[in-house]
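Here the structure comes first, spelled out in structure tokens, and everything after it is commentary.
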Amino acid sequence: MDWSAILSNTAQGLLSPATMAFALAALGLAMHFGFAGLLNFGIAGFMAIGAYGYAISILTFGFEWWQGILVSLVASVLFSLLLGIPTLRLRGDYLAIVTIAAAEILRLLFLTNAFVDVTGSADGLSGYHNSFRAANPFPEGDYGFGPWTYNNIEVWVLILGLITLAICAFLLLLLMKSPWGRVIKGIREDEDAVRALGKNVFAYKMQALIIGGVFGSLGGIVYALPSAVNPGVYVTSLTFFVWTALLLGGAATVFGPVLGAVIFWVLQAFLSNVLPQLVSSGILPFISSIQASTIRFILVGVGLMLLVIYRPQGILGDKKELTFVK
Amino acid sequence: MILSTTQRGSRSWIQLLMLAVVTAITFGGLFATSAHADEVGTDLPFKIVGNVKNEGIALEGVRIVVSGGGYTAETVTDADGKWYIGVPEKAGYTVSLDQETLPAGIAVIEEGGAEQSVEIGPSGSVTKNFFIGEGERIVVSLFDQVIARIVYGLNFGLMLGLAAVGLSLVFGTTGLSNFAHAEMVTFGAITAFFLGGLLALPIWVAIPAAVVISGLMGWGLDSGLWRPLRKRGLGLVQLMIVSIGLSLAVRYLFQFFVGGGTSQLPGFDSPKIKLFGATSLSVIDIASMVLSLVVIIGFAWWLMTTQTGKATRAISDNPDLAAASGIDVDRVIRIVWIVAAGLAGLSGVLWAYFRPGIKWDMGAQILLLIFAAVTLGGLGTAFGALLGALVVGLLVEVSSLVIPSDLKYVGALVVLIVILLVRPQGILGRKERIG
Amino acid sequence: MSSSSAKLPGKPAAKTIGLHVGTIRPGVPKVDPIITMDNVSRKFGGLVAVDVEHLEIPRGAITALIGPNGAGKTTLFNLLTGFDKPDTGTWNFAGKSLAGIPAFKVAQMGQVRTFQLTKALSLLTVLQNMKLGAKDQRGEKLMFSIFPFLWKAKEQEIEEKALELLKRFKLDTKKDDFAASLSGGQRKLLEMARALMTDPVLVMLDEPMAGVNPALTQSLLEHVLNLKKEGMTVLFVEHDMHMVRHIADWVVVMAEGRVVAEGPADEVMKNPAVIDAYLGSHQDTDLGTVTGRITLPPKGKK
Ligand SMILES: Nc1ncnc2c1ncn2[C@@H]1O[C@H](COP(=O)(O)OP(=O)(O)OP(=O)(O)O)[C@@H](O)[C@H]1O
Ligand SMILES: [Mg+2]
Numbered sequence: 001m002d003w004s005a006i007l008s009n010t011a012q013g014l015l016s017p018a019t020m021a022f023a024l025a026a027l028g029l030a031m032h033f034g035f036a037g038l039l040n041f042g043i044a045g046f047m048a049i050g051a052y053g054y055a056i057s058i059l060t061f062g063f064e065w066w067q068g069i070l071v072s073l074v075a076s077v078l079f080s081l082l083l084g085i086p087t088l089r090l091r092g093d094y095l096a097i098v099t100i101a102a103a104e105i106l107r108l109l110f111l112t113n114a115f116v117d118v119t120g121s122a123d124g125l126s127g128y129h130n131s132f133r134a135a136n137p138f139p140e141g142d143y144g145f146g147p148w149t150y151n152n153i154e155v156w157v158l159i160l161g162l163i164t165l166a167i168c169a170f171l172l173l174l175l176m177k178s179p180w181g182r183v184i185k186g187i188r189e190d191e192d193a194v195r196a197l198g199k200n201v202f203a204y205k206m207q208a209l210i211i212g213g214v215f216g217s218l219g220g221i222v223y224a225l226p227s228a229v230n231p232g233v234y235v236t237s238l239t240f241f242v243w244t245a246l247l248l249g250g251a252a253t254v255f256g257p258v259l260g261a262v263i264f265w266v267l268q269a270f271l272s273n274v275l276p277q278l279v280s281s282g283i284l285p286f287i288s289s290i291q292a293s294t295i296r297f298i299l300v301g302v303g304l305m306l307l308v309i310y311r312p313q314g315i316l317g318d319k320k321e322l323t324f325v326k
Numbered sequence: 001m002i003l004s005t006t007q008r009g010s011r012s013w014i015q016l017l018m019l020a021v022v023t024a025i026t027f028g029g030l031f032a033t034s035a036h037a038d039e040v041g042t043d044l045p046f047k048i049v050g051n052v053k054n055e056g057i058a059l060e061g062v063r064i065v066v067s068g069g070g071y072t073a074e075t076v077t078d079a080d081g082k083w084y085i086g087v088p089e090k091a092g093y094t095v096s097l098d099q100e101t102l103p104a105g106i107a108v109i110e111e112g113g114a115e116q117s118v119e120i121g122p123s124g125s126v127t128k129n130f131f132i133g134e135g136e137r138i139v140v141s142l143f144d145q146v147i148a149r150i151v152y153g154l155n156f157g158l159m160l161g162l163a164a165v166g167l168s169l170v171f172g173t174t175g176l177s178n179f180a181h182a183e184m185v186t187f188g189a190i191t192a193f194f195l196g197g198l199l200a201l202p203i204w205v206a207i208p209a210a211v212v213i214s215g216l217m218g219w220g221l222d223s224g225l226w227r228p229l230r231k232r233g234l235g236l237v238q239l240m241i242v243s244i245g246l247s248l249a250v251r252y253l254f255q256f257f258v259g260g261g262t263s264q265l266p267g268f269d270s271p272k273i274k275l276f277g278a279t280s281l282s283v284i285d286i287a288s289m290v291l292s293l294v295v296i297i298g299f300a301w302w303l304m305t306t307q308t309g310k311a312t313r314a315i316s317d318n319p320d321l322a323a324a325s326g327i328d329v330d331r332v333i334r335i336v337w338i339v340a341a342g343l344a345g346l347s348g349v350l351w352a353y354f355r356p357g358i359k360w361d362m363g364a365q366i367l368l369l370i371f372a373a374v375t376l377g378g379l380g381t382a383f384g385a386l387l388g389a390l391v392v393g394l395l396v397e398v399s400s401l402v403i404p405s406d407l408k409y410v411g412a413l414v415v416l417i418v419i420l421l422v423r424p425q426g427i428l429g430r431k432e433r434i435g
Numbered sequence: 001m002s003s004s005s006a007k008l009p010g011k012p013a014a015k016t017i018g019l020h021v022g023t024i025r026p027g028v029p030k031v032d033p034i035i036t037m038d039n040v041s042r043k044f045g046g047l048v049a050v051d052v053e054h055l056e057i058p059r060g061a062i063t064a065l066i067g068p069n070g071a072g073k074t075t076l077f078n079l080l081t082g083f084d085k086p087d088t089g090t091w092n093f094a095g096k097s098l099a100g101i102p103a104f105k106v107a108q109m110g111q112v113r114t115f116q117l118t119k120a121l122s123l124l125t126v127l128q129n130m131k132l133g134a135k136d137q138r139g140e141k142l143m144f145s146i147f148p149f150l151w152k153a154k155e156q157e158i159e160e161k162a163l164e165l166l167k168r169f170k171l172d173t174k175k176d177d178f179a180a181s182l183s184g185g186q187r188k189l190l191e192m193a194r195a196l197m198t199d200p201v202l203v204m205l206d207e208p209m210a211g212v213n214p215a216l217t218q219s220l221l222e223h224v225l226n227l228k229k230e231g232m233t234v235l236f237v238e239h240d241m242h243m244v245r246h247i248a249d250w251v252v253v254m255a256e257g258r259v260v261a262e263g264p265a266d267e268v269m270k271n272p273a274v275i276d277a278y279l280g281s282h283q284d285t286d287l288g289t290v291t292g293r294i295t296l297p298p299k300g301k302k
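Chains as they are written, first to last, in the UniProt record's numbering: chain A, 1 to 326; chain B, 1 to 435; chain C, 1 to 302.
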């Protein structure tokens, strides 16, 4: 067993583009579900819009990287409107079904051969990095220390990701401390009561959907920034993993989703390193290393169940402020 | 795939429409041009290759489509008549040559026509060369194609229906939107594979046994998990997320045991019998439809006439009232779980023949279609779910005539969303009261 | 509740009279109606829940809406407040037609309601519940919300008003508790106080007294009477005949969706049709406390 490699790989999970992408998406879900009570099971779709919007605008239209980000954000707002206008008047569980279906439709559209020249079909998209890397203010070289040593491109991605994450978390904090946030929480509790007090519930829900959706698509962009866009990523399981991270940290909190994403990825990094080693060193007998790497996903599922049953408010949540009122 | 000319017209029209939709979604985004590479999926582990020639002369620009196990890819031949399509799994695939793209006067002349099944060999690849020669291509009329699709759609819909009525019953009696229903579908198929494939039991023993074991599984899940959670007073959203966790855990547990590939149940390759027009079904297909019908009629009889069936409907109607009027709600719910799991298991076996093959996430592949069926019918009404399943099945199969086959589920999902918008209570459901 | 009636002052509160024009009959015109409706009907499947030919609610008075369970009172409330749409008919609030106006706009026009099944916002504190009722808080707009200096002053104002109302409703000691921890009766009070935060013109209360303890009933009656003094119009549904008799200036009786009688409290109670349809022969034994208090818990689905 090579513990130093295991620990160093685990430590990298603490600060990686995937961690920040999850944190952003989970913040979006916190807005949707934790605060506004909207059951969004299509966060993977929002992330896909972020990633594809960014890559397609650069590859197909020759946009600069920051223009690509803007296009993604606009696209995610449009997607929220498209999704929200018809469904926000419906019952909560219908929103769940519509969002999960819409995310799946998006994925199939990105995957189909019909648009292969734009979406890359099953191969996904890559090679859209020039403009982003040209804007890198960090000169070539290594930065950081120990397991957190990065080259200049990685640092550029991480810094941008961290700034985005900080801005989004701060914004969410401000929003939820304001009277606007009060109305949003009221809607989560009982939208008819809030309606009876003269608040335009539909408009508030739409605003929440858009804000959370923008966070989600920013997550998708951060995911796509360093490497490539792969349609196999934006599956329903991704949505469920983000939900796990959210519930782990605490759905109705601002820092919970971030903490949850970090713990999720640190654990994933740890397990994906330690399990195959346990097999190869003969500690886990009778199973292959492929099987060993499946175990961590089984554990995610089991963890999600235990969490929801025994600690639904998450790590940072207030026991009294359970978000599962209905 | 043999297409008549009128139909190709409508096909490109629909593609144009789809294109417009996507364009809107990604903000003026996607323009598809019709150039294709001659090699696709080169990074995938397995490959299917071929060379299209007529009497030694390479044919360029012939469209080849490979599909199977939920994966579809297509390419066109290069100047040497060569093509290469990478595939993700070591499994069976269908290779089709689009005869519309052949020069006039020649056609595929081998037995079985332009659509051939291949199996990836031990080397990780397989070569498929079509026999091409002078001849008239067999043009199937649009009418015959529609008929064929309707028959396949009914078959698919009945299979979906078995799973959907169970999901709907559970929702009706407990309020749970059970995402792990997909895994109950997979469980049935894997159990049948274990009994029929590995233990080599005869198929007529293996399948009923798989259904019974699935039912027992449902019983176990209810008494081991769902009933204790209900007693704990978990909310419905909480229960739904528990079912998501369960779904993930069990799905990867399946992957742990059966791996990531596809395996076949005995008899999956039974020969096709030409029925009428372009419709040909295998013995298994016919048996599957008959079996679904018989089981569904039996289920309807159970729901409408037996004491337990009536109690089930009473609970779906109003759980508190039912409990107050002396119905043993726990017992009924237990039976509902057993029935639902058994039906899901059977549906899994049939799905394994339809796809074909068992795979760790085969249930998850159709989960949304099952949800679509249940929602279409009105959440919690069993017969609505059945009707919804038939609609979804037909829609998926018939729509694949006009939209690319790798988008055929999209049609069903779009209809799901549209129905929720115009008639949120489903086809047979009811509205609720406020205040 | 019968014990509470014993505590009521022997003489009912001073009544507003002269509300109607012409002979008293179902649908009689009012001198100054705040709500008028014509041919309003609502069917659920085959069941006619509401079928009102003509009804006017007098302004500046307290009107009680009574009737047996399932008479259509709550449904009528839903129709009037935009929570449900009638199949036919026209209805006006303060001269403006309400057809097609969404519920939140109706509330903004000053017509605010409470619910029979109380809707306290459980995971908000009592004070937050109250503040949510306030009008004209700029901070509720997304654009302004992230700049606290734009709404802090107004927030202070709202808080003072909320605390004052909470004191009146004896909930001030609970202000920082989650509404979920309140008792059923306290939630009714909170809901009513929250409705008053919106400075309504017309207050519509669906069974405000159900579950409120006798000691509080007394002060609640005072509140309702005060609303009238402050110039508001009150329309309430109640099964407790003593309360109805005590504070209502006008009573509308519904049965099977129709208005079967209306008039000043004392006269209506004497109407044989009403006694038949609703009160039964023992009108002194408070039937209201028996009926309408057992509400089945909402269906276990959401
Ligand atoms: N959403 C609905 N769907 C079907 N029927 C309904 C609905 N809402 C109300 N009803 C029916 O309409 C009738 C009137 O109901 P409503 O709630 O208005 O009665 P109510 O006068 O408020 O009775 P209570 O005094 O018990 O509160 C009842 O028979 C009820 O069952
Ligand atoms: Mg009522």
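No residue lacks a Cβ here, since even glycine has one placed at the ideal position from N, Cα and C.
{"Asked": "Close-in-space but distant-in-sequence residues of the same chain around C:ARG187 (CB under 6 Å, 5 per side omitted)", "Found": "THR118 and ALA120"}
{"Asked": "Buried versus exposed call for A:THR149 [16 or more other C-beta atoms within 10 Å across all chains shown]", "Found": "exposed"}
{"Asked": "B:LEU265 beta carbon less than 9 Å from that of B:ALA192", "Found": "yes"}
{"Asked": "Beta carbon proximity, B:VAL242 to chain A, threshold 9 Å", "Found": "yes"}
{"Asked": "Neighbourhood of B:GLY124 by C-beta, 8 Å cutoff - its chain only, sequence neighbours within 5 removed", "Found": "PRO45, PHE46, LYS47 and LYS90"}
{"Asked": "C:LYS135 at chain A interface by Cβ criterion, 9 Å", "Found": "yes"}
{"Asked": "Sheet register partners of B:TRP83 (DSSP bridge)", "Found": "B:GLY50"}
{"Asked": "Delimiting residues of the beta strand (DSSP E) encompassing C:PHE93", "Found": "88 to 93"}
{"Asked": "Per DSSP, cross-strand counterpart(s) of C:ARG113", "Found": "C:MET204"}
{"Asked": "Proximal chain A residues relative to C:LYS119, where beta-carbon distance stays under 7 Å", "Found": "ASP190, ASP192 and ALA193"}
{"Asked": "Coarse secondary structure for A:GLU104, derived from DSSP in three states", "Found": "helix"}
{"Asked": "8 Å Cβ cut-off: residues of chain E touching B:ALA73", "Found": "Chain labels in this structure do not include chain E; the protein chains are A, B and C."}
{"Asked": "Host beta strand (DSSP E) of A:TRP265 (start-end)", "Found": "From DSSP, A:TRP265 is part of no beta strand (DSSP E) but of the alpha helix (DSSP H) over 255 to 280."}
{"Asked": "C:ILE35: first and last residue of the uninterrupted beta strand (DSSP E) it sits in", "Found": "33 to 44"}
{"Asked": "Rounded straight-line distance, which links the Cα of B:LEU394 to that of B:PHE299", "Found": "22 Å"}
{"Asked": "Chain-ordered neighbours of C:VAL112 on chain A, where CB pairs are closer than 9 Å", "Found": "ALA196, LEU197 and GLY198"}
{"Asked": "Per-residue burial, B:PHE131 [other beta carbons within 10 Å of its own, 16 or more giving buried]", "Found": "exposed"}
{"Asked": "Closest residue to C:GLY263 among C:ASN213, C:ALA64 and C:GLY133 (Cα-Cα distance)", "Found": "C:ALA64"}
{"Asked": "Closer than 8 Å: C:PHE44 CB and nearest ligand 1 heavy atom", "Found": "yes"}
{"Asked": "Any C-beta of chain B under 9 Å from that of residue 330 of chain A", "Found": "The structure shown does not extend to residue 330 of chain A, since chain A is modelled only from 1 to 326, so the question has no answer here."}
{"Asked": "Selection from A:PHE297, A:ILE187, A:LEU306 and A:VAL71 that minimises the alpha carbon distance to C:PHE104", "Found": "A:ILE187"}
{"Asked": "When A:ALA245, A:LEU306 and A:LEU225 are compared against A:TRP66, the one with the closest alpha-carbon", "Found": "A:LEU225"}
{"Asked": "Chain C contact residues for A:ARG182, given Cβ-Cβ distances below 8 Å", "Found": "LEU124, GLN128, LYS131, LEU132 and GLU140"}
{"Asked": "Given C:LYS141 as reference, the closest of A:GLY250, A:PRO179, A:VAL274 and A:LEU174 once Cα atoms are compared", "Found": "A:PRO179"}
{"Asked": "Contact with chain C by A:LYS205, beta-carbon distance below 9 Å", "Found": "no"}
{"Asked": "Inter-stretch contact (C-beta, 8 Å, three-pair minimum) for the stretch 269 to 283 of chain B and the stretch 208 to 218 of chain B", "Found": "no"}
{"Asked": "Beta-carbon spacing of B:VAL398, B:GLY153 below 9 Å", "Found": "yes"}
{"Asked": "Which listed residue (A:VAL274, A:PHE215, A:SER288 and A:VAL279) has its alpha carbon closest to that of A:VAL254", "Found": "A:PHE215"}
{"Asked": "Check: C:LYS73 C-beta below 8 Å from any heavy atom of ligand 3", "Found": "Inclusion of ligand 3 in the displayed structure is not the case, the ligand content consisting of ligand 1 and ligand 2 alone."}
{"Asked": "Close-in-space but distant-in-sequence residues of the same chain around B:ALA412 (CB under 7 Å, 5 per side omitted)", "Found": "LEU369, ALA372, VAL392, LEU395 and VAL396"}
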